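Just below is one structure, and these are the notes that go with it.
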Amino acid sequence: MADESYPEGLRYHPEHDWARIEGDEATFGITWYAQDALGEVVFYEPPEVGSETIKDQAYAEVESVKAVSDVYAPLSGEITAVNDAVSDSPELVNEDPYGDGWLVRVKLTNPSEVDDLLDVTAYRKLLEDE
Amino acid sequence: MATTALKRTPLYAAHVAAGAKLVPFAGWEMPVSYEGVRQEHVAVRTSCGVFDVSHMGEIETSGPGALDLLQRLLSNDVSKMPVGGAQYSVLCREDGGILDDLFTYRLADDRYLTVTNAANHEKDFAWFADHAGDFDAEVSDAIDRYAMLAVQGPNARGIVAGLASAELPERMHTAVMDVAGAETLVCGTGYTGEDGVELLPPADAATSIWDALLAAGAVPAGLGARDTLRLEVCFHLYGNDMDEQRNPIEAGLGWCCKEATGFIGSDGVAAARESGAEQKLAPFVLTAAGIPRQGNAIVSRDSEVGVVTSGTLSPCMDVGIGMGYVAAELTEPGTELEIDVRGKRRPARIESKPLYRKESE
Chain P
201 MADESYPEGL
211 RYHPEHDWAR
221 IEGDEATFGI
231 TWYAQDALGE
241 VVFYEPPEVG
251 SETIKDQAYA
261 EVESVKAVSD
271 VYAPLSGEIT
281 AVNDAVSDSP
291 ELVNEDPYGD
301 GWLVRVKLTN
311 PSEVDDLLDV
321 TAYRKLLEDE
Chain A
17 MATTALKRTP
27 LYAAHVAAGA
37 KLVPFAGWEM
47 PVSYEGVRQE
57 HVAVRTSCGV
67 FDVSHMGEIE
77 TSGPGALDLL
87 QRLLSNDVSK
97 MPVGGAQYSV
107 LCREDGGILD
117 DLFTYRLADD
127 RYLTVTNAAN
137 HEKDFAWFAD
147 HAGDFDAEVS
157 DAIDRYAMLA
167 VQGPNARGIV
177 AGLASAELPE
187 RMHTAVMDVA
197 GAETLVCGTG
207 YTGEDGVELL
217 PPADAATSIW
227 DALLAAGAVP
237 AGLGARDTLR
247 LEVCFHLYGN
257 DMDEQRNPIE
267 AGLGWCCKEA
277 TGFIGSDGVA
287 AARESGAEQK
297 LAPFVLTAAG
307 IPRQGNAIVS
317 RDSEVGVVTS
327 GTLSPCMDVG
337 IGMGYVAAEL
347 TEPGTELEID
357 VRGKRRPARI
367 ESKPLYRKES
377 E
């Protein structure tokens, strides 16, 4: 499992999801805290390319041996790519949650939503309060 | 959330030291895993794991009428158990509904120790105490007297033997001996499908035994692995796979019910055995991707025919496995069904027990 980290350049959703924003596109995944709480991820089925994500709503599930966890969309958009490597090797989410363990890539439909997300300082503050 | 404080076993500090992830379980703060459920599971299948199961309760029954009392309470034929023996049974309500499933050890001619599930301990003890008045027997709550460690896996006996003052009891037998210097009840039982023993030392000796087991190569294993191990070999979990609404015949536990002894609930069990169960507990595997979970519907030809009571991903077979109550006519091994996993139908097949078998077998 990876060491605890929360990269500076990402934006965070309070449900422990991250977004890496590049223009009007973004990549989503779950944070170190989320994968640690869940334990070893053993199952993930990616959503369909072309389907929609709606901010604050679940777009996928990740499962450990013990539990199922919804994955929430930090932003609204249309899914343009999914990480099939994670369905083959779900442990990538534990080993590299911000890199090889990314989940989907989306074209944003409402980029102004980014303003609602937390920066790393605010997200760390939220974790301290949990 | 309950506001009452969670109870801690004598090994709480040892769990923290071992890096456990602790969770509430049946009123106790228990380790669900240390390094990871899968690693711990594999350690038990290939080497040796040690579980703290001190949350489980013990009831001691003693006196000239102890056998008669237990014969009235427990479903199995307690008179068949020799001194130093162990026996599995269920505790039934008057109508045959299952109150708990229990292991009982015969410690002496007129002294028995019954191990209860943590969530049922108080209910069970009250049930024992309520019925003891009719017999020349005494029941005492022994939960604070004992810690309980399950040492399981192909290397378990070797590791415990190295710490023990006498030869270990065989499977389904029990004996008292020193383990790491403390007088311990050693039982040839377990809940993993592997060889091994369960140790019941005095509570204050638990940590020294735990440390000695780890030093000898046992891997700490949590409740997560305990659950996946037992499900691979189709051992029942009370509260999931049976409860007061189910009788032992439906649950596939008719083998430990000897109605001729006249135990409480025997009439209900006899009637269920006579009429046959409408639903039966059956093990299954998913034949494609997915993980079945407790509460998922079991579906056949688009109609609901049952419910999943336990489900997980099998760490040894790497497929979704489970058990559930299914219409009796659909419990034949090989029957194809579907499991409705949160809206997605996953193909499944009924299998025979156990789901996991060692390759050498």
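The listed protein sequences correspond, in order, to chains P and A.
Counted from 1, the first sequence has number 226 at position 26 by our numbering; the numbering is strictly sequential.
Counted from 1, the second sequence has number 321 at position 305 by our numbering; the numbering is strictly sequential.
No residue lacks a Cβ here, since even glycine has one placed at the ideal position from N, Cα and C.
Quick caveat, the model's predicted, so the values are computed rather than measured.
What is the residue span of the alpha helix (DSSP H) that residue i lies within?
{"i": "Phe-143(P)", "result": "Lying outside 201 to 330, the shown extent of chain P, residue 143(P) is not represented and no answer is given."}
{"i": "Pro-242(A)", "result": "Residue 242(A) is actually Arg in this sequence, not Pro. Where Arg-242(A) is concerned, the enclosing alpha helix (DSSP H) stretches over 239-248."}
{"i": "Thr-321(P)", "result": "320-329"}
{"i": "Gln-55(A)", "result": "53-62"}
{"i": "Ser-282(A)", "result": "282-291"}
{"i": "Ile-175(A)", "result": "172-177"}
{"i": "His-137(A)", "result": "137-148"}
{"i": "Glu-214(A)", "result": "That residue, Glu-214(A), is in no alpha helix (DSSP H); its beta strand (DSSP E) goes 212-216."}
{"i": "Asp-84(A)", "result": "82-89"}
{"i": "Leu-229(A)", "result": "222-231"}
For residue i, report the span of its beta strand (DSSP E) as first-last.
{"i": "Leu-129(A)", "result": "127-132"}
{"i": "Gly-101(A)", "result": "It is not in any beta strand (DSSP E) - Gly-101(A) carries neither H nor E in the DSSP assignment."}
{"i": "Ser-141(P)", "result": "Nothing can be reported for residue 141(P): it is not among the residues displayed for chain P, which extend from 201 to 330."}
{"i": "Gln-261(A)", "result": "From DSSP, Gln-261(A) is part of no beta strand (DSSP E); its letter is neither H nor E."}
{"i": "Trp-44(A)", "result": "44-49"}
{"i": "Lys-37(A)", "result": "37-41"}
{"i": "Gln-295(A)", "result": "295-302"}
{"i": "Ile-314(A)", "result": "313-316"}
{"i": "Arg-122(A)", "result": "114-124"}
{"i": "Leu-353(A)", "result": "352-357"}
{"i": "Ala-166(A)", "result": "165-168"}
{"i": "Tyr-372(A)", "result": "Taken as a continuous stretch (DSSP letters only), Tyr-372(A) belongs to no beta strand (DSSP E), as it is neither H nor E."}
{"i": "Glu-295(P)", "result": "Looking at the DSSP string, Glu-295(P) is not in any beta strand (DSSP E); the run it does join, the alpha helix (DSSP H), is 292-295."}
Whose Cβ in chain P lies nearer than 8 Å to the Cβ of residue i?
{"i": "Ala-42(A)", "result": "Ordered by position in chain P, no residue passes the 8 Å Cβ test against Ala-42(A), which lies about 15 Å from the chain."}
{"i": "Gly-359(A)", "result": "Per Cβ cutoff of 8 Å: no residues; Gly-359(A) is ~11 Å from chain P at best."}
{"i": "Thr-244(A)", "result": "Val-265"}
Report, in whole angstroms, the separation of the C-beta atoms of residue i and residue j, which I expect to be a contact under 8 Å.
{"i": "Val-271(P)", "j": "Ile-230(P)", "result": "6 Å"}
{"i": "Glu-245(P)", "j": "Glu-291(P)", "result": "In fact, because the Cβ distance is near 15 Å, the residues do not count as touching under 8 Å."}
{"i": "Ala-237(A)", "j": "Glu-56(A)", "result": "4 Å"}
{"i": "Val-167(A)", "j": "Leu-215(A)", "result": "6 Å"}
{"i": "Val-323(A)", "j": "Ala-313(A)", "result": "6 Å"}
{"i": "Ala-281(P)", "j": "Val-249(P)", "result": "7 Å"}
{"i": "Ala-191(A)", "j": "Gly-101(A)", "result": "Going by Cβ atoms, the distance from Ala-191(A) to Gly-101(A) rounds to 11 Å, so no, they are not a contact pair."}
{"i": "Leu-346(A)", "j": "Val-321(A)", "result": "6 Å"}
{"i": "Arg-324(P)", "j": "Tyr-206(P)", "result": "6 Å"}
{"i": "Ile-355(A)", "j": "Arg-362(A)", "result": "5 Å"}
{"i": "Glu-215(P)", "j": "Leu-308(P)", "result": "No, Glu-215(P) and Leu-308(P) are not in contact; Cβ-Cβ is about 18 Å, not under 8 Å."}
{"i": "Ala-59(A)", "j": "Val-213(A)", "result": "Going by Cβ atoms, the distance from Ala-59(A) to Val-213(A) rounds to 16 Å, so no, they are not a contact pair."}
Can you pull the chain P neighbours of residue i, defined as C-beta to C-beta under 7 Å?
{"i": "Ile-307(A)", "result": "Phe-243, Glu-263"}
{"i": "Leu-329(A)", "result": "Val-242, Phe-243, Val-265"}
{"i": "Ser-49(A)", "result": "Gly-239"}
{"i": "Gly-240(A)", "result": "Val-265, Lys-266"}
Mind pulling the chain A residues with CB within less than 7 Å of residue i?
{"i": "Glu-358(P)", "result": "A question about residue 358(P) goes unanswered here, because the residues of chain P that appear run from 201 up to 330."}
{"i": "Val-268(P)", "result": "Arg-309"}
Could you work out which residue in the options is closest to residue i when comparing CA atoms only?
{"i": "Val-155(A)", "options": "Ala-163(A), Ala-145(A), Tyr-207(A)", "result": "Ala-145(A)"}
{"i": "Val-265(A)", "options": "Arg-365(A), Gly-52(A), Arg-361(A), Ala-287(A)", "result": "Per the sequence shown, the amino acid found at residue 265(A) is Ile instead of Val. Of Arg-365(A), Gly-52(A), Arg-361(A), Ala-287(A), the residue nearest in Cα terms is Ala-287(A)."}
{"i": "Ser-70(A)", "options": "Ala-33(A), Pro-217(A), Val-335(A), Tyr-372(A)", "result": "Pro-217(A)"}
{"i": "Gly-209(A)", "options": "Ala-241(A), Ala-142(A), Glu-183(A)", "result": "Ala-241(A)"}
{"i": "Asn-136(A)", "options": "Val-315(A), Leu-107(A), Leu-329(A)", "result": "Leu-107(A)"}
{"i": "Tyr-254(A)", "options": "Ala-36(A), Val-58(A), Ala-232(A), Gly-113(A)", "result": "Gly-113(A)"}
{"i": "Met-333(A)", "options": "Glu-354(A), Gly-311(A), Val-321(A), Ile-307(A)", "result": "Ile-307(A)"}
{"i": "Asp-243(A)", "options": "Ile-337(A), Asp-211(A), Val-321(A)", "result": "Ile-337(A)"}
{"i": "Gln-310(A)", "options": "Gly-327(A), Pro-349(A), Glu-248(A)", "result": "Gly-327(A)"}
{"i": "Leu-317(P)", "options": "Met-201(P), His-213(P), Pro-297(P)", "result": "His-213(P)"}
{"i": "Ala-36(A)", "options": "Gly-43(A), Tyr-28(A), Ala-42(A)", "result": "Tyr-28(A)"}
{"i": "Val-335(A)", "options": "Ala-305(A), His-189(A), Asp-117(A), Met-97(A)", "result": "Ala-305(A)"}
{"i": "Gly-149(A)", "options": "Arg-358(A), Gly-206(A), Gly-81(A)", "result": "Gly-81(A)"}
{"i": "His-189(A)", "options": "Val-58(A), Pro-299(A), Gln-103(A)", "result": "Gln-103(A)"}
{"i": "Gly-350(A)", "options": "Gly-169(A), Arg-161(A), Leu-371(A), Arg-61(A)", "result": "Leu-371(A)"}
{"i": "Ala-367(A)", "options": "Val-342(A), Val-357(A), Gly-359(A)", "result": "Correcting the residue type first, residue 367(A) is Glu in the shown sequence and not Ala. Comparing Cα positions, the closest option is Val-342(A)."}
{"i": "Gln-295(A)", "options": "Asp-283(A), Thr-325(A), Val-66(A), Glu-275(A)", "result": "Thr-325(A)"}
{"i": "Asp-236(P)", "options": "Glu-204(P), Phe-228(P), Ala-219(P), Leu-326(P)", "result": "Glu-204(P)"}
Review point. Using 8 Å as the Cβ pair cut-off and three pairs as the minimum, do the stretch 219-226 of chain A and the stretch 195-204 of chain A touch?
Key: yes
**Study point:** Touching by the beta-carbon criterion (3+ pairs, under 8 Å), the stretch 63-78 of chain A and the stretch 118-138 of chain A
**Key:** yes
Review point. Is it true that the stretch 78-98 of chain A meets the stretch 276-286 of chain A, where meeting means three or more beta-carbon pairs spaced less than 8 Å apart?
Key: yes
Review point. Would you call the stretch 283-290 of chain P and the stretch 251-260 of chain P in contact, with 3 or more CB pairs under 8 Å?
Key: no
Exercise for review: Specify whether the stretch 148-162 of chain A and the stretch 46-53 of chain A touch according to this definition: at least 3 beta carbon pairs, one from each stretch, less than 8 Å apart.
Suggested key: no
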